[in-house]
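Count the sequence shown with UniProt numbering and you get residues 1 to 557, in order.
Below is one structure; the comments refer to it alone.
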Amino acid sequence: MTQETGGFAAFNLNPNILAAVIATGYEEPSAIQQQSIPIIMAGKDMIGQAQTGTGKTAAFALPILHCIDPAKREPQALILAPTRELALQVATAFETYAKQMPGVTVVAVYGGAPMGPQLKAIRNGAQIVVATPGRLCDHLRRDEKVLSTVNHLVLDEADEMLKLGFMDDLEVIFKALPPTRQTVLFSATLPQSIRAIAERHLRDPEHVKIQTKTQTVTAIEQAHLLVHADQKTSAVLSLLEVEDFDALIMFVRTKQATLDLASALEAKGYKAAALNGDIAQNQRERVIDSLKDGRLDIVVATDVAARGLDVPRITHVFNVDMPYDPESYVHRIGRTGRAGREGRALLLVTPRERRMLQVIERVTGQKVAEVRLPDAQAVLDARIKKLTNSLSPLVADAESTHGDLLDRLTADIGCTPRALAAALLRKATNGQALTLAAIEKERPLVPNNAPRGDRPERTGDRPDRGDRERRAPVPLAEGRARCRTALGARDGIAAKNLLGAILNEGGLAREAIGRIQVRDSFSLVELPEDGLEKLLAKLKDTRVAGKQLKLRRYRED
Ligand code: ADP
Ligand code: MG
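Printed below as a string of structure tokens:
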């Protein structure tokens, strides 16, 4: 048992529950768990307010499991959740935590599935009932006594339940429960309607409020990209090339957009699917399960369809369309970085939406850094890295299994092993562009075409035909990259100034630096490709002739 597990041990939960928690891999209780578990274990009513992804499920599931009597085969705890997905998620969590408690069963009760088996499972002695309010009311109409033994009630995501119009159903359910029961309410927000419910149906509740807005976000690296609305799909495709993701969720505003983007992604060979409110419930579950187990890597969703979605594999969230408000931004990006894991969130911003970006930064208290589209070089590097990663495990025993065949084939064809390997590579990469020139040609978008007039690399440097920048492509030596600064002759720069600055500040040998071309309004310098990003970072603050050098990789286009 690790030191941290002591955190859970301190609650004095039933040892079988503690064992299951340890088996789940939780090390330390989250803040909401730390505060709620003792209160709920003590049988008190409680109102818990915390952001999504803070571990609310275990905050009520663990103490409730502790309080029930496995020997009694009747419903003892009722958990209400707004949607079928969330009810299933909560039911699964209960099953996980109850794994080592023989005799405890959990039943999920929701619409869209036959009522008979659900009712039968309740009557067969499930102690935990997790339900959506609507379907539970249907059951109550058939058998009003079905909940009469319940002595713990949890309202999970109470604000969502009200938003979905379950107020009347909740009242019906409250009436069907013994008035002596314990009631616990969890909600991300506490609008007046929720407080009114608490007033009427909770007895002297304890309040637990966890301020986690910024905490939720800190595990998530955020960035934004400026882009025109009609270039979003190609921007997304470019970003996917270089982002190292496991599973990814993309948010768009309309059902149609989920379908369009998902099929654009599928056409590029990604394992992607749409998730929207029109898609049948069971199909939605299948999509989420597929994302969980890796049959899908990308889900393109609307906010409604993705509500409560919890898939630990998600490493990235792309906000392809701007969320309607900052809260929903926080909610969306909370799909990654679950429970302290690291995640990355990218936001596409069209020129008209820049104000919204500022609002988001203010509300989250964090700067959302700007990123650029990857240039062709970055795409090439990423493709080659992927190829390397996919091929390198194949090499290990290939010579012993296929070496003789290779000898035979090269002899029969009359070619070198290099020629044959190259042919196989061409076949394996199936027409994918794997040279800079080919990648440039296939890309509908050039990088840094972000819709803004104040691109830093352009300051004081209007495109100047007289410089013949575009008409004089000098071939680059191998292993060299061409870099550009907006400083030129008119800034009083000569080649030797540039050379001196780069040698001194960059710590390079003279031979490492190739041609230096100084033009009127800019200069080009050839630098070693190897370690270029590091070198450029090192030179970030270098000044030449009193001005910032701002050297960047340069791409002819
Ligand atoms: P919420 O209901 O607050 O949105 P969940 O209960 O769905 O959050 O939990 C979010 C994720 O965090 C889940 O994947 C859950 O398994 C995980 N989790 C919960 N508690 C812990 C913990 N103490 N340590 C590590 N992971 C946890
Ligand atoms: Mg939850």
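For every residue, glycine included, the Cβ atom is placed at its ideal position computed from N, Cα and C.
Quantities reported herein were computed from a predicted structural model and do not represent experimental measurements.
(request) Use the C-beta contact count for P114: other C-beta atoms within 10 angstroms, 16 or more gives buried, fewer gives exposed. (result) Taking all protein chains shown into account, P114 has fewer than 16 neighbouring C-beta atoms within 10 Å of its C-beta and is therefore exposed.
(message) Counting C-beta neighbours from all protein chains within 10 Å, is the total for T24 16 or more, i.e. buried, or is it exposed?
(response) Burial call: exposed.
(request) Give the secondary structure of D412 by DSSP, where H, G and I count as helix, E and B as strand, and everything else as coil. (result) Correct three-state label for D412: helix.
(request) Please check the pair V146 and H139, which I expect to be a contact at CB under 8 Å, by giving their CB distance rounded to whole angstroms. (result) With a Cβ gap of about 6 Å, V146 and H139 count as contacting.
(message) Mapping the DSSP letters down to three states, classify S234 as helix, strand or coil.
(response) Note: S234 maps to helix in three-state DSSP.
(request) Let me know the secondary structure DSSP gives H228 once reduced to three states. (result) The answer is coil: DSSP assigns H228 none of H, G, I, E or B.
(request) Using the Cα positions of R471 and A509, report the straight-line distance between them to the nearest angstrom. (result) Bear in mind that a pLDDT of 37 at R471, under 50, signals an unreliable position, so the model cannot answer this.
(message) Less than 6 Å separating the Cβ of Y26 from some heavy atom of the ligand ADP?
(response) Answer for Y26: yes, Cβ within range of the ligand ADP.
(request) For K56, verify whether its CB is less than 6 Å away from any heavy atom of the ligand MG. (result) Proximity of the beta carbon of K56 to the ligand MG is indicated: a heavy atom of the ligand is located closer than 6 Å.
(message) Taking the alpha helix (DSSP H) that I47 belongs to, which residues open and close that run?
(response) Unbroken run through I47 is the beta strand (DSSP E), M46 to Q49; no alpha helix (DSSP H).
(message) Any heavy atom of the ligand ADP closer than 6 Å to the beta-carbon of G312?
(response) The question names Gly, yet the displayed sequence has Pro at residue 312. Yes - the ligand ADP has a heavy atom lying nearer than 6 Å to the Cβ of P312.
(request) Would you decide whether R307 is buried or exposed? Buried here means 16 or more other CB atoms lie within 10 Å of its CB. (result) That one is buried.
(request) Count the CB pairs spanning the region 363-377 and the region 221-234 that are closer than 8 Å, and state whether there are at least three. (result) Taking one beta carbon from each stretch, the region 363-377 and the region 221-234 have 3 or more pairs nearer than 8 Å; the two touch.
(request) Taking all protein chains shown into account, decide if N124 is buried (16 or more other Cβ within 10 angstroms of its Cβ) or exposed. (result) Exposed, since its Cβ has fewer than 16 Cβ neighbours within 10 Å.
(request) Over the uninterrupted beta strand (DSSP E) stretch that includes A23, give me the two end residues. (result) Run containing A23: none in the beta strand (DSSP E); it sits in the alpha helix (DSSP H), P15 to T24.
(message) By DSSP's criteria, R480 is part of a beta bridge. Which residues make up the other side?
(response) Bridge partners of R480: P528.
(request) Tell me whether P29 counts as near the ligand ADP, meaning its Cβ is closer than 6 Å to at least one heavy atom of that ligand. (result) True, at least one ligand heavy atom lies under 6 Å from that Cβ.
(request) Determine which residues share a DSSP beta bridge with I220 and list them. (result) Note: I220 sits in a beta bridge opposite G343.
(request) Let me know the secondary structure DSSP gives residue 573 once reduced to three states. (result) Limits of the chain in this structure are 1 at one end and 557 at the other, which puts residue 573 out of reach.
(message) Closer than 6 Å to a non-hydrogen atom of the ligand ADP - does that hold for the CB of T52?
(response) Within the cutoff, so yes.
(request) Identify every run of the alpha helix (DSSP H) within the region 126-168, keeping only runs that are complete inside it and at least 4 residues long; order them along the chain. (result) Annotation note: the region 126-168 contains the following uninterrupted alpha helix (DSSP H) runs of length 4 or greater, listed N- to C-terminal: 133-142 and 158-163.
(message) Under 8 Å: do the region 487-498 and the region 534-548 share three or more Cβ pairs, one atom per stretch?
(response) Counting Cβ pairs under 8 Å, three or more are found: they touch.
(message) Using 8 Å as the cut-off, can you tell me whether the region 289-308 makes contact with the region 270-279, which would need three or more C-beta pairs spanning the two stretches below that distance?
(response) Judged by Cβ distances under 8 Å, the region 289-308 makes contact with the region 270-279, as three or more pairs qualify.
(request) Indicate whether I279 and A50 have their beta-carbon atoms separated by less than 7 Å. (result) The answer is no: Cβ separation not under 7 Å.
(message) One question on the structure: do V242 and A58 come within less than 7 Å of each other, judged by their Cβ atoms?
(response) No, Cβ-Cβ distance for V242 and A58 is not below 7 Å.
(request) For the beta strand (DSSP E) containing N319, list its first residue and its last residue. (result) Start and end: I314 to N319.
(request) State the DSSP-derived secondary structure class of I279, mapped to helix, strand or coil. (result) Three-state result, I279: coil.
(message) Using 8 Å for Cβ pairs, my map puts L406 next to L420. What's the rounded Cβ distance?
(response) Here L406 really is in contact with L420; their C-beta atoms are around 7 Å apart, less than 8 Å.
(request) State the DSSP-derived secondary structure class of A472, mapped to helix, strand or coil. (result) Since pLDDT at A472 reaches only 39, below the 50 mark, its modelled position is unreliable, and the value read off the structure follows with that caveat. Here A472 sits in coil by DSSP.
(message) In the DSSP assignment, the beta strand (DSSP E) including A247 goes from what residue to what residue?
(response) A247 -> beta strand (DSSP E) spans A247 to F251.
(request) Quick one: grab the DSSP three-state call for E457. (result) Any reading at E457 needs caution, since the residue's pLDDT is 32, under 50, leaving its predicted position unreliable; the model's value is listed next. Looking at E457 - three-state DSSP - the assignment turns out to be helix.
(message) Buried or exposed, going by whether 16 or more other CB atoms sit within 10 Å of the CB of residue 559?
(response) Examination of residue 559 is not possible in this model, given that the chain is present from 1 through 557 alone.
(request) Report yes if the CB atom of F318 is closer than 7 Å to the CB atom of L275, and no otherwise. (result) With contacts defined by Cβ atoms closer than 7 Å, F318 and L275 do not form a contacting pair.
(message) Can you look up Q256 in the DSSP assignment and give me helix, strand or coil?
(response) Annotated three-state conformation of Q256 is helix, per DSSP.
(message) For Q366, report the span of its beta strand (DSSP E) as first-last.
(response) Element bounds for Q366: n/a, residue is neither H nor E.
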